[in-house]
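Count along the sequence shown starting at 1, add 385, and that's the number in this note's numbering. Let me begin by presenting the structure, written as structure tokens, before commenting on it.
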Amino acid sequence: MFILPETELIKTKSVSTDKSTSVFVIEPLLPGYGMTIGNALRRVLLSSLAGAAITSVKIDGVTHEFSTIKGVKEDVVDLILNLKALKVQLHGDEPTIVKLSKKGPGQVIVKDFTKNSQVEFADPEYVIANLDKTSSLSLEITVEKGRGYIPTERRKDEKPVLGNIAIDAIFTPIKRVHYEVENTRVGGMTNFDKLTIDITTDGTINAMEALSASVNILQDHFNLIATELKEGLPKASTAKKKSALAQKLSAETNVEKPVKTKKIKSVVKTTTKKSNK
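Next comes the structure, spelled out in structure tokens:
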């Protein structure tokens, strides 16, 4: 069993005013574990944290993304790019529609959206479009929860809604993760690891919550594996019989057939917060 010195393991080196960027120092770690833990946390932070994004938009008078809107400075492509850049938090689990309607002249900003208790935007002053005195803009967006990045091409199987324009969805709330590993002293030994990890989020979750969520995700996966091992592995004779049977079937049909294995479903804990790589 590995035993570390009794000390405060995680320290916060610096925190930005809005808490979206923080630098954490984790030490001491046994030799080699700085890289192991740092790489695992970075991968989970960038790929596995749940977030929310705008997945589609419906604009009055617009049937496709290559249209223009009379009196609106931005064309539909630019408008979609502006919507795609919005950082949003969804407090419920179901897809939520939020509407906006405004007449010119002036700017259309995020706080012009109709208030919705389930949806919160990180920057209420973000400019979406610019209208002249003769124009107006009415649209509705769909906000959904997810993980990672899902381009519109991967959602072609979804039933299309008339007038809806699909948007590439960037769900991850993490903008950048960087880590470094250095040697640190413990007593007379100088080969312990010090892990420094720098996390920047999009403002919908703070860096401390993001780090905590990533640790929980890794812990849940390891717990699933540990539970399987505690229940006992299949007997060697049974495993050999299954392997021999699979080889026989493959040889008889000349088609590669995978051996069926028990699927492990992961339970991912996530935390939410109201508020480059």
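The beta-carbon is built from N, C-alpha and C at its ideal position, and this holds for glycine as well.
- Exposed is the label assigned to Ala470, since fewer than 16 other Cβ atoms lie within 10 Å of its Cβ.
- According to DSSP, residue pairing for Gln474 in a beta bridge involves Glu505.
- Residue burial is scored here from C-beta neighbours: Tyr534 has fewer than 16 other C-beta atoms within 10 angstroms and is therefore classed as exposed.
- Scanning its chain for C-beta atoms nearer than 7 Å, with the 5 sequence neighbours on each side dropped, one finds around Ser521 the residues Lys487, Lys488 and Gly489, in chain order.
- If you look at Ser599, you'll find it in the alpha helix (DSSP H) that goes Ala592 to Glu616.
- Residue environment: Lys615 is assigned as exposed (fewer than 16 neighbouring CB atoms within 10 Å of its CB, all protein chains considered).
- Annotation: Ser405 to His449 spans about 36 Å, alpha carbon to alpha carbon.
- With contacts defined by Cβ atoms closer than 8 Å, Phe556 and Gly531 form a contacting pair.
- Counted as a single uninterrupted DSSP element, the stretch harbouring Thr421 is not any beta strand (DSSP E) but the alpha helix (DSSP H) occupying residues Tyr418 to Ser432.
- DSSP places Leu394 outside both helix and strand once states are collapsed to three, so it counts as coil.
- Within the model, the alpha-carbon separation for Ile439 versus Glu459 is close to 19 Å.
- Taking the C-beta atoms as reference points, Val442 is found no nearer than 8 Å to Leu475.
- It is roughly 44 Å from the alpha-carbon of Phe409 to the alpha-carbon of Ser523.
- Within the same chain, and ignoring the five residues on either side of Asp445 in sequence, the residues whose Cβ sits closer than 6 Å to its Cβ are Ser523.
- Ile555 has Tyr534 as its beta-bridge partners, per DSSP.
- The Cβ atoms of Pro416 and Val571 do not sit closer than 8 Å to each other.
- In summary, Ala611 is exposed, with fewer than 16 beta-carbon neighbours lying within 10 Å of its beta-carbon over all protein chains present.
- For Val442, the enclosing beta strand (DSSP E) covers residues Ala435 to Ile444.
- For Leu426, same chain residues with a beta-carbon under 6 Å away, outside a window of 5 residues either side, are Ser599 in chain order.
- Per DSSP, Lys496 lies in no beta strand (DSSP E) and is assigned neither H nor E.
- Residue range Thr481 to Lys488 is occupied by the beta strand (DSSP E) that includes Leu485.
- According to the DSSP assignment, Ile584 belongs to the beta strand (DSSP E) that extends over Met574 to Thr586.
- With a contact defined as Cβ atoms closer than 8 Å, Leu580 and Gly419 qualify at about 4 Å.
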